[in-house]
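Chains as they are written, first to last, in our numbering: chain A, 1 to 154; chain B, 1 to 734.
C-beta: ideal position from N, C-alpha, C; glycine also.
These figures come from a predicted structure and were not determined experimentally.
Report on the following structure.
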């Protein structure tokens, strides 16, 4: 049994330690918001937060994340500025890559000091979207960054 | 309309879907999880004069959409059209994905499919009428209850009003009375100037769940006691298994069965991890397949050799060879377009639950009709015992028009006696794709002294698309899918997928390449690769005629007002003819397909040391007739442009040893954020018949870019992708 802390909850899972975290999140914990697409860490679709950093859950094993704080798309609050910006700017098309994209952007924007929207956009080159929602991802990042700056000032 | 799908069986179907997990339920109000009490609500008697909507006494309107939602916004678009004519209040509307059923067969295709940019253009009239039917009946119900003439009543935002007395009744209150009335056959439609929703940007109903992470894609479908299956597939086309270690696979934790199938050896397990490890443990050995030497070079050589063989005549107007022979100027060129993959972000998958007397399938497919047929065949059950549900789809792009995964899931569920989810890894998804067919082209054209086209002779060599998609269409050696963009059948549902230029002597020939590479429909089908060839060659002709590329196009599209209008609009918006910084080139291209017209201007520069192309800007003008939802329309064009640029710059399937070498996103490169230019989309106001949108952004981008590259460098490259090495080599030669 492996102990995990996901979205603030403690879990015990019966999985081999070399199982990719992605399959454990999806099939043991029923957190299906995190998606599979490449399995080799190339596309970013499976991105989650581990101790606040964006990590690809397809290439990290469940054995490597014991006792670490894992946050998935389901654990990112609905009123999070990135999620709100994604609705306002109508970013997703098929939406399959977007949980990973949102988690990547949320992690980048949470760094201290907060990077500019342009800095985050430059970091997005290893995150793939086949629908070509890139122009809207850019706009979404700008809108989210603006909100977060305003909130930070309050 | 087929009435076998009653409202009741219909609701039961959608509720069965609700039962398996968080339902694929969409609502303008955001996420809604169907629970037990809502289930009962769904069983309430209501008013449902057709398969498209139900109004219940709780004043809710549930709209059912039969097309697959792949991010193009079809659920919102269809809901807007019905809600418009129904005069519904958008706030009371909930949209649900309908299970497969005959009413959802596209009237212009005759099947329940989401292809050919046909979901809105195919259903526009039908959906308006369905909504108007409801509105007319609700008005009649109100008039009867008030004992006043119908003409004194009007429907406004979910209620019927009687102006003289100021009385109102909500649709919820009227629905049970309306349900007793006869269904009118020709209800009056709304006047377009009174449209409340159509043409206005409405937020997509599928977005909130996609952002929350709760949207249920095919990959996410979960059933009780569901098993997982993966299949070991041949490394080369036509390869047969020589040996495999079934015992070794069975020793892996969770593996329950190894099942040989025509497409490979399947491993079924209680977990996906177990199935994947079990497949590794099979230690498969294969023979070399049907063409073990095949690679990219041999493919191109074979297709180019076939250009010399006599093909089937597809179009023969006038006498092209004679006209070209006698022309003031003659231009000839050969072009080649490579195979490209769909690479949808969600890999292929399917879940099936086959029991003695029923078969349920959750298929992320663009062809419910095909899925249903395959599920019936694989389960051995009749239509009434087979149900196909469509989850949210992680990119379609045409790949999911081929529901091959349905056979796998149904066969394996039957073999294991459990619900089974078949999953394709990314490597399988790319290697066993039905690619966009490669094309080898030979063209000759003649111009008169004024630069007018007098003749065009075109030969195309391509492997078959119809063979995998619709074998019945393959007749007399002609595959019309391969020809789309150049030529099309008169009665085609593609609608105007043919060369637009006014050419008095036109000859188009087709030769079917016998290569064993399976091909399919890829966003716009062959409109895009054929438009790359036509529109690049048009620029070569303009150069020969000594004309500006825009002027030459307009001169040879004299009577094609819609093509002219998008060209003129895009030229004006892009500042055609205005000076550009040194090293930057500007190119133009136009194309018509699926009933719509698009023109694009591209601006690019080239790093002369690396051969890398930088795309600076793409400007688009599009005329698709009436606009339903303008914001997703722009998103579709942006996405189409980006995919097209991918094929122009980098996408190419690599073959080796008789099979596919490309396997994942590290060796099959799709567009990345930093490569995406500024994209401006201009919608041309139009009252023409409604056309398609999902695919029409694709064709002109690649040739506009190739034409811009020519302006920037003076180099004409007659193939895509324009990879840095190819560009560098061409620059060196020039």
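Identity of the residue in the options nearest residue i by Cα
{"i": "residue 232 (chain B)", "options": "B:156, B:75 and B:279", "result": "B:279"}
{"i": "residue 200 (chain B)", "options": "B:76, B:270 and B:578", "result": "B:76"}
{"i": "residue 272 (chain B)", "options": "A:120, A:101 and A:25", "result": "A:25"}
{"i": "residue 484 (chain B)", "options": "B:110, B:452 and B:534", "result": "B:534"}
{"i": "residue 436 (chain B)", "options": "B:90, B:518, B:239 and B:701", "result": "B:518"}
{"i": "residue 816 (chain B)", "options": "B:350, B:83, B:56 and B:662", "result": "Because residue 816 (chain B) is not part of the residues shown, which for chain B are 1 to 734, the question remains open."}
{"i": "residue 463 (chain B)", "options": "B:59, B:516 and B:60", "result": "B:516"}
{"i": "residue 442 (chain B)", "options": "B:287, B:93, B:139 and B:510", "result": "B:510"}
{"i": "residue 171 (chain B)", "options": "B:155, B:589, B:164 and B:722", "result": "B:155"}
{"i": "residue 554 (chain B)", "options": "B:568, B:543 and B:135", "result": "B:568"}
{"i": "residue 331 (chain B)", "options": "B:177, B:247, B:456 and B:349", "result": "B:456"}
Reduced DSSP secondary structure (H/G/I, E/B, other) of residue i
{"i": "residue 562 (chain B)", "result": "helix"}
{"i": "residue 404 (chain B)", "result": "helix"}
{"i": "residue 55 (chain B)", "result": "strand"}
{"i": "residue 369 (chain B)", "result": "helix"}
{"i": "residue 427 (chain B)", "result": "helix"}
{"i": "residue 34 (chain B)", "result": "Note that residue 34 (chain B) has pLDDT 33, beneath the 50 cutoff, so the model's placement of it is unreliable and no number is given."}
{"i": "residue 741 (chain B)", "result": "The structure shown has nothing for residue 741 (chain B), since chain B only spans 1 to 734."}
{"i": "residue 143 (chain A)", "result": "helix"}
{"i": "residue 103 (chain A)", "result": "helix"}
{"i": "residue 151 (chain A)", "result": "helix"}
{"i": "residue 98 (chain A)", "result": "helix"}
{"i": "residue 165 (chain B)", "result": "coil"}
{"i": "residue 475 (chain B)", "result": "strand"}
{"i": "residue 519 (chain B)", "result": "strand"}
{"i": "residue 103 (chain B)", "result": "helix"}
{"i": "residue 80 (chain A)", "result": "coil"}
{"i": "residue 724 (chain B)", "result": "helix"}
{"i": "residue 231 (chain B)", "result": "strand"}
{"i": "residue 137 (chain A)", "result": "helix"}
Whole-Å CB distance - residue i paired with residue j, under 8 Å assumed
{"i": "residue 450 (chain B)", "j": "residue 481 (chain B)", "result": "Going by Cβ atoms, the distance from residue 450 (chain B) to residue 481 (chain B) rounds to 36 Å, so no, they are not a contact pair."}
{"i": "residue 320 (chain B)", "j": "residue 507 (chain B)", "result": "4 Å"}
{"i": "residue 188 (chain B)", "j": "residue 98 (chain B)", "result": "Contact flag wrong, Cβ pair sits at about 26 Å."}
{"i": "residue 734 (chain B)", "j": "residue 714 (chain B)", "result": "6 Å"}
{"i": "residue 98 (chain A)", "j": "residue 211 (chain B)", "result": "7 Å"}
{"i": "residue 680 (chain B)", "j": "residue 627 (chain B)", "result": "Rounded, the Cβ-Cβ distance is 17 Å, inconsistent with contact."}
{"i": "residue 418 (chain B)", "j": "residue 225 (chain B)", "result": "6 Å"}
{"i": "residue 587 (chain B)", "j": "residue 708 (chain B)", "result": "3 Å"}
{"i": "residue 109 (chain A)", "j": "residue 670 (chain B)", "result": "Not really, about 25 Å apart at Cβ, beyond 8 Å."}
{"i": "residue 512 (chain B)", "j": "residue 479 (chain B)", "result": "6 Å"}
DSSP beta-bridge partners of residue i
{"i": "residue 603 (chain B)", "result": "B:586 and B:617"}
{"i": "residue 261 (chain B)", "result": "B:264"}
{"i": "residue 15 (chain A)", "result": "Partner(s): none; residue 15 (chain A) has no beta bridge."}
{"i": "residue 509 (chain B)", "result": "B:313 and B:459"}
{"i": "residue 216 (chain B)", "result": "Bridge partners of residue 216 (chain B): none, in fact."}
{"i": "residue 286 (chain B)", "result": "B:241"}
{"i": "residue 362 (chain B)", "result": "B:351 and B:389"}
{"i": "residue 681 (chain B)", "result": "B:620"}
{"i": "residue 592 (chain B)", "result": "B:597"}
{"i": "residue 159 (chain B)", "result": "B:156 and B:170"}
{"i": "residue 5 (chain A)", "result": "A:10 and A:69"}
{"i": "residue 441 (chain B)", "result": "B:335 and B:460"}
{"i": "residue 65 (chain B)", "result": "B:97"}
{"i": "residue 655 (chain B)", "result": "B:660"}
{"i": "residue 447 (chain B)", "result": "B:329 and B:453"}
- [ ] Using a Cβ-Cβ cut-off of less than 7 Å, give me the residues of the stretch 697-709 of chain B that come near chain A, in sequence order.
- [x] none
- [ ] Give, in chain order, every residue of the stretch 116-137 of chain A whose Cβ lies closer than 8 Å to some Cβ of chain B.
- [x] 121, 122, 124, 125, 126, 127, 128, 129, 130, 131, 132, 133, 134, 135, 136 and 137
- [ ] Select from the stretch 664-691 of chain B all residues with a C-beta closer than 9 Å to any C-beta belonging to chain A, and list them in chain order.
- [x] 664, 665, 666, 670, 671, 672, 673, 674, 675, 676, 678 and 679
Open item on the list: For the stretch 346-361 of chain B, list every residue whose C-beta sits within 9 Å of some C-beta in chain A, in sequence order.
Closed with: 346 and 347
Open item on the list: At a CB distance below 7 Å, what residues from the stretch 76-91 of chain A approach chain B? Give them in sequence order.
Closed with: 78, 83, 86, 87 and 90
TODO: Could you list the residues in the stretch 40-55 of chain A with a C-beta less than 7 Å from some C-beta on chain B, going in chain order?
DONE: 40, 42, 43 and 45
Open item on the list: At a CB distance below 9 Å, what residues from the stretch 196-217 of chain B approach chain A? Give them in sequence order.
Closed with: 201, 203, 204, 206, 207, 208, 209, 210, 211, 212, 213, 214, 215, 216 and 217
- [ ] With 8 Å as the limit, tell me which residues of the stretch 368-402 of chain B have their beta carbon closer than that to any beta carbon of chain A; keep them in chain order.
- [x] 392, 393, 394, 395, 396 and 397
Open item on the list: By the 7 Å beta-carbon criterion, what residues does the stretch 266-293 of chain B contribute toward chain A?
Closed with: 271, 272 and 273
Task: chain A contacts from the stretch 600-628 of chain B (Cβ-Cβ distance under 8 Å) - done: none
- [ ] Taking only beta carbons into account, state which residues of the stretch 65-85 of chain B come closer than 9 Å to chain A, listed in chain order.
- [x] 69, 70, 71, 72 and 73
- [ ] Residues of the stretch 93-108 of chain A with a CB closer than 8 Å to any CB of chain B: list them in chain order, please.
- [x] 93, 94, 95, 96, 97, 98, 99 and 102
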